[in-house]
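Taking it in order: structure first as structure tokens, then the write-up.
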Ligand SMILES: [Zn+2]
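In structure tokens, the structure reads:
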């Protein structure tokens, strides 16, 4: 549901309200008793993404595609039933008494029955 800003023409108070688009002009009454009016703001515009080579195969071509736009990115994800896994840009240390590489190899062999 979209969010709109409402301003009181009397005291200047501004509040955010959630409304269905059909009810976008239905603004609340201010605490001072005045009918609030909707504040019109410019839509948020963000630049398109930079082209990148996907790290997952496109089922349509069997290859790693170069994605050139946000729309192509979304279509690629939807077409292949993929989702985005967010990763932290800050490397985190993993503490523990284990050898990650050795454990992964061991677990893989176990799964493969070798
Ligand atoms: Zn008011």
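In the numbering used here, the protein residues as written are 2 to 115. Ideal placement from N, C-alpha and C gives every residue a C-beta, glycine not left out. Fair warning: this is a prediction, and the values are worked out from it, not measured in the lab.
{"Check": "Spatial distance of residue 20 from residue 46 (CA atoms)", "Outcome": "21 Å"}
{"Check": "Check: residue 7 C-beta below 7 Å from any heavy atom of ligand 1", "Outcome": "no"}
{"Check": "CB-CB length for residue 7 against residue 38, believed under 8 Å", "Outcome": "7 Å"}
{"Check": "Coarse secondary structure for residue 46, derived from DSSP in three states", "Outcome": "coil"}
{"Check": "DSSP state of residue 7 mapped onto helix, strand, coil", "Outcome": "strand"}
{"Check": "Under 8 Å between C-beta atoms of residue 75 and residue 60", "Outcome": "no"}
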